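Numbering (the numbering used here), first residue to last: -15 to 273.
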């Protein structure tokens, strides 16, 4: 991947469908998420994602979310996503997703994905996967990722998955409190942690964790920049200017819309390229062989 030629790196892109017609979300959850984001369900495959990002001259970190134990919905294949991403190495960066409920088998799977499939990190969604990020039972998986030198990206804050449904389909928001990741960041100082999204209603907690822990980043996905909490904009311009990353939450939010709104945000000129690309190069280890 020629990072110098890219205009941006989007660190938060969902794969919603595989090559066989299987979807990451069941129809009820997919419909609820689309309604929450005021759009229509759109389930792009990996080749379609590559086409979209090549057109924009951007790279995309792509992943699914393995929440089969909590939801019963079969997960999309990490291996298939990685194999397809390898066909588009100029624009796609594959992440895996391991449900912590998989225990030791999940730890072994993570190592195989990195060593055999060139997976560059892992996505977790504590609310959707129904686990506490600081549960010691998950620590062997974090230790493996730390040893492998790949980042862990965690959903934080409110989620559009289950939004507006009775009981939110049983999805518990408290599992995505970013303060729970303070324990993980402290206990695994060699693990790069990316906290996804403006972490409403815990935005101040996310800023505090990232300010205190040098191994923690914040991605700005899931919200149009025009709705960012003011304290997040302030921190991105100042103490966290090297720890904030561009992320869209594609396909629910398209990168074109996100970038258009970001251009209107009061971000310092010297900070914009850090957020759009340079910080991601460091966080993802793209400068390493």
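Cβ coordinates follow ideal geometry from the N, Cα and C atoms, glycine included. What you are looking at is a predicted structure, and each value in this text was computed from that prediction instead of being measured.
Range of the contiguous alpha helix (DSSP H) that encloses residue i
i, result
"residue 88", "87 to 101"
"residue 132", "123 to 132"
"residue 8", "Neither: residue 8 is in no alpha helix (DSSP H) and is coded neither H nor E."
Inter-residue Cα distance where the pair is residue i and residue j
i, j, result
"residue 273", "residue 253", "For residue 273, the pLDDT reaches just 47, beneath the cut-off of 50, and the residue's location in the model is therefore unreliable, although a value from the coordinates is still provided. Between residue 273 and residue 253, the C-alpha separation is close to 30 Å."
"residue 123", "residue -11", "38 Å"
"residue 22", "residue 138", "24 Å"
"residue 220", "residue 181", "13 Å"
"residue 87", "residue 172", "18 Å"
"residue 60", "residue 6", "7 Å"
"residue -4", "residue 201", "13 Å"
"residue 19", "residue 249", "26 Å"
"residue -9", "residue -1", "22 Å"
"residue 196", "residue 204", "19 Å"
"residue 33", "residue 223", "33 Å"
"residue 209", "residue 229", "12 Å"
"residue 14", "residue 146", "9 Å"
"residue 257", "residue 270", "16 Å"
"residue 92", "residue 99", "11 Å"
"residue 237", "residue 246", "13 Å"
Residue range of the beta strand (DSSP E) that includes residue i
i, result
"residue 66", "Segment 62 to 69 is the alpha helix (DSSP H) holding residue 66; no beta strand (DSSP E) there."
"residue 107", "106 to 108"
"residue 43", "42 to 47"
"residue 78", "76 to 78"
"residue 54", "First-last for residue 54: 52 to 55, but that is the alpha helix (DSSP H), not the beta strand (DSSP E)."
"residue 137", "136 to 139"
"residue 202", "200 to 203"
Residue i, buried or exposed, once every other Cβ within 10 Å from all chains shown has been counted against 16
i, result
"residue 227", "buried"
"residue 199", "buried"
"residue 264", "buried"
"residue 143", "buried"
"residue 140", "buried"
"residue 105", "buried"
"residue 159", "buried"
"residue 261", "buried"
"residue 283", "Absent from the structure is residue 283, since the part of the chain shown begins at -15 and ends at 273."
"residue 37", "buried"
"residue 109", "buried"
"residue 234", "buried"
"residue 135", "buried"
"residue 1", "buried"
Under 7 Å between C-beta atoms of residue i and residue j
i, j, result
"residue 47", "residue 107", "yes"
"residue 232", "residue -6", "yes"
"residue 51", "residue 115", "no"
"residue 164", "residue 187", "no"
"residue 68", "residue 30", "yes"
"residue 9", "residue 62", "no"
"residue 162", "residue 193", "yes"
"residue 267", "residue 176", "yes"
"residue 168", "residue 118", "yes"
"residue 40", "residue 90", "no"
"residue 179", "residue 170", "no"
"residue 65", "residue 78", "yes"
Below-7 Å beta-carbon distance, residue i vs any chain E residue
i, result
"residue 182", "In the structure shown, chain E does not exist; there is a single protein chain."
Should the region 54 to 74 be regarded as contacting the region 118 to 138, the criterion being three or more beta carbon pairs within less than 8 Å?
no
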